[in-house]
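Counted the way mature numbering (1 follows the signal peptide of the UniProt record, and there is no 0) counts, the sequence shown spans residues -32 to -1, 1 to 384. Structure first, commentary second.
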Amino acid sequence: MKQLPHYNNLCKLLALILILTMGMLQSTSTRAKQSLDFRGNETDHMSLLAIKNRVKERSHGILSSWNDLTHHCYWGGVTCGRRHNRVIALKLRSSGLVGTISPYIGNLSFLKVISLYNNSLQGKIPPELGRLHRLQVLELKNNTLIGEIPANLSACIELKILNLGCNKLVGKLPLGLGVLSNLKEFHLHLNNFTGPLFEVLANITTLEVISAWSNAFTGTIPDNIDRMTNLTWLGVGANQLVGVLPPSIFNLSSLVLLEVLRNNIKGSLPPFTGLKFPQLQVLNLNANNFSGTLPISALNFTSLEEVMLGENLFTGTVSLDFSNNQNLQWLDLSYSNLQGDMSFVSSLTNCSNLEVLMLNVNNFTGSIPKSIVNLSSILTDLWIGGNKISGVLPEGLGNLVNLEYLLVLAILESIT
């Protein structure tokens, strides 16, 4: 029996209606499920909206997704845990945010990570952060935050990374921070902190990174600093530290960077070798009051890339051999009262990565070594002025094809 055309059309229409109905039911079910999930963490939802109300974006960006059309676990920069569907991470770094940090952030009680660095956030660090007992990472660097570190941050006992660098923070460090026994990285650089530094940090033996340069910290480097057996980065330059460099510091075999420039540290350098610092890449003791002679073994580290010992009160000759320092890129021995000839320069010809050599304003005598023309072909800075050198400029300086700065001022009258 032949079917009528209108009968076929009716069947197609009924099939289409059935498909659309099933789709609507599925969509309704999904929305209902999301709504049901939302009721389980309404505090998180409202807290995030309160955080949004305190900031603006320089351009239409990540916060545009923070609206009621989407569940907050799918908002930009927000991560929720699978088990409880609670907010565990807030990552809004480099998002052009302007404003303040809402105290409601302390209501996100499951937070493990707060990453708000590289923005233009102002105001104080809210003390409500001390409620976040699960917090492991707090990154607020590169903002314009003011005020002091809230004392109750010491309640965040799970903290592993605390990065407050490059702000306008002031005051002394809360003594209670010394109980953060899980802390691995502590970044305080480029602020206006005062008071003792190591009085707070000395007992945190888990530390791997201390970055506290360019503040006004006082006190000494403790004798028992070698208790921080995992320390790889000690950057405390440009502060007001006094005392000596404790011998125990040379037991920190994991150090990659040792930077104490521009303090008031005195005393002589003990003999130490690459066996003590097998991984050391940066040694910066510039602008202190170190005295005595440079130990012959002082720079026997194959891993060294930057050595800065200038602006100190050293005496005697330079008997250093740089033959093993093939990774050396920067050597600064300027303004240090060093004497004798410059024959040690010959050993620097093995340093094929050398870019900067600063030997200016010392008491070096004799002539400029001919081997100076065989220094690294990537050398850009050669500073030898302000010495008592005589003789002639070696031929072949043109071999240094990348040389940008050749400082021979104050010795030109003695050389031809």
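For glycine and all other residues, C-beta sits at the position ideal for the given N, C-alpha and C.
Extent of the continuous alpha helix (DSSP H) run through Leu17 = Position 49 of the sequence shown, counted from the first residue, corresponds to residue 17. Element bounds for Leu17: 10 to 21.
ask   = With contact counted as at least three CB pairs below 8 Å, one residue from each stretch, are the segment 295 to 312 and the segment 330 to 347 in contact?
value = yes
Measuring CA to CA, which of Leu209, Asn331, Leu202 is closest to Val224?
Counting from 1 along the sequence shown, the entry for residue 224 is found at position 256. With distances taken between Cα atoms, Val224 lies closest to Leu202.
Tyr373 - partner residues in DSSP beta bridges = As a first step, residue 373 must be located in the sequence shown, where it is residue number 405. Tyr373 is bridged to Asp349.
*What number of angstroms, rounded off, separates the C-alpha of Val177 from the C-alpha of Met196?*
As a first step, residue 177 must be located in the sequence shown, where it is residue number 209. As a first step, residue 196 must be located in the sequence shown, where it is residue number 228. Between Val177 and Met196, the C-alpha separation is close to 10 Å.
My assumption, with CB atoms under 8 Å, is that Leu316 sits in contact with Leu343. Please give the rounded CB distance. Within the sequence shown, residue 316 is the residue found at index 348, counting from 1. Within the sequence shown, residue 343 is the residue found at index 375, counting from 1. So it is a contact: roughly 6 Å between Cβ atoms.
- Would you report the Cα separation of Ala119 and Pro95, rounded to the nearest angstrom? If you number the sequence shown from 1, residue 119 lands on position 151. If you number the sequence shown from 1, residue 95 lands on position 127. Taking the straight line from one Cα to the other gives about 8 Å.
Practice problem: Look up Lys24 in the DSSP assignment and say whether it is helix, strand or coil. | Solution: To locate residue 24, count along the sequence shown from 1; it is residue 56. Strand at Lys24.
Taking the beta carbon of Asn35 as the centre, do at least 16 other beta carbons fall within 10 Å, making it buried, or is it exposed? Indexing the sequence shown from 1 puts residue 35 at position 67. Exposed, by the Cβ-count rule.
Contacting residues, own chain, Cβ-Cβ under 8 Å from Tyr72 (five flanking each side not counted): Position 104 of the sequence shown, counted from the start, is the residue given in the question as residue 72. Hits under 8 Å: Met14, Ser15, Ala18, Ile19, Glu96.
Can you check whether the CB of Ile346 is closer than 7 Å to the CB of Glu372? Numbered from its first residue, the sequence shown carries residue 372 at position 404. Numbered from its first residue, the sequence shown carries residue 346 at position 378. Contact flag unset, no.
Original post:
Nearest-angstrom Cα distance between Pro246 and Val138?
Top reply: Sequence index remark: in the sequence shown, residue 246 carries index 278 (1-based). Sequence index remark: in the sequence shown, residue 138 carries index 170 (1-based). About 36 Å.
**Prompt:** Out of curiosity, what's the CA-to-CA distance linking Lys152 and Ile129?
**Reply:** By one-based count along the sequence shown, residue 152 stands at place 184. By one-based count along the sequence shown, residue 129 stands at place 161. Answer to the nearest angstrom: the Cα atoms are 6 Å apart.
Discussion item. Looking at residue 386: is its Cβ nearer than 7 Å to the Cβ of Ile69?
Written reply: Residue 386 lies beyond the range of the chain shown here (-32 to 384); nothing can be said about it.
Simplified DSSP state of Cys41, which is helix, strand or coil: Residue mapping note: residue 41 aligns to position 73 of the sequence shown, counting from 1. Helix.
Practice problem: Could you please give the first and the last residue of the uninterrupted alpha helix (DSSP H) stretch that includes Leu169? | Solution: Here the question's residue 169 lines up with position 201 in the sequence shown. 166 to 169 is the extent of the alpha helix (DSSP H) around Leu169.
| Below 7 Å between beta carbons: does that hold for Glu107 and Ser83? | As a working note, residue 107 is residue 139 in the sequence shown. As a working note, residue 83 is residue 115 in the sequence shown. Cβ distance < 7 Å, so Glu107 and Ser83 count as in contact.
Open item on the list: Run through the DSSP bridge pairs and tell me what Lys140 is partnered with.
Closed with: Within the sequence shown, the letter at position 172 stands for residue 140. DSSP, once it has assigned bridges, lists Thr162 as partnering Lys140.
What residue does the beta strand (DSSP E) around Gly133 start on, and which one ends it? Stepping through the sequence shown from its first residue, residue 133 is reached at position 165. No beta strand (DSSP E) holds Gly133; DSSP gives it neither H nor E.
Taking contact to mean 3 or more Cβ pairs, one atom from each stretch, closer than 8 Å, check whether the segment 49 to 56 and the segment 21 to 33 are in contact.
no
Practice problem: Using alpha carbons as the reference points, say which of His39, Leu296, Leu229 lies closest to Leu267. | Solution: For the purposes of this step, residue 267 is taken as the residue at position 299 of the sequence shown. When only C-alpha atoms are compared, the closest one is Leu296.
Requested in this report: Have a look at Leu374 and Ile352 and give me their C-alpha separation to the nearest angstrom.
Outcome: For the purposes of this step, residue 374 is taken as the residue at position 406 of the sequence shown. For the purposes of this step, residue 352 is taken as the residue at position 384 of the sequence shown. Answer to the nearest angstrom: the Cα atoms are 8 Å apart.
Item to check | Limits of the unbroken beta strand (DSSP E) element including Val81 | outcome: Indexing the sequence shown from 1 puts residue 81 at position 113. Following the DSSP letters along the chain, one finds Val81 inside the beta strand (DSSP E) bounded by residues 81 to 83.
task = Thinking Thr186 and Leu209 are a contact (beta carbons under 8 Å), I'd like their distance in whole angstroms, please.
result = Position 218 of the sequence shown holds residue 186. Position 241 of the sequence shown holds residue 209. Confirmed, Cβ separation roughly 7 Å.
Spatially closest choice to Pro263 from Val81, Leu306, Gln249, by CA coordinates: Within the sequence shown, residue 263 is the residue found at index 295, counting from 1. Cα-wise, what sits closest to Pro263 is Leu306.
For Ala184, report the span of its beta strand (DSSP E) as first-last. In the sequence shown, counting from the first residue as 1, residue 184 sits at position 216. Looking at the DSSP string, the run of the beta strand (DSSP E) that includes Ala184 is 184 to 186.
* **Leu299 and Ser271 closer than 7 Å at C-beta** => Indexing the sequence shown from 1 puts residue 299 at position 331. Indexing the sequence shown from 1 puts residue 271 at position 303. Against a cut-off of 7 Å, the Cβ pair of Ser271 and Leu299 comes out as no contact.
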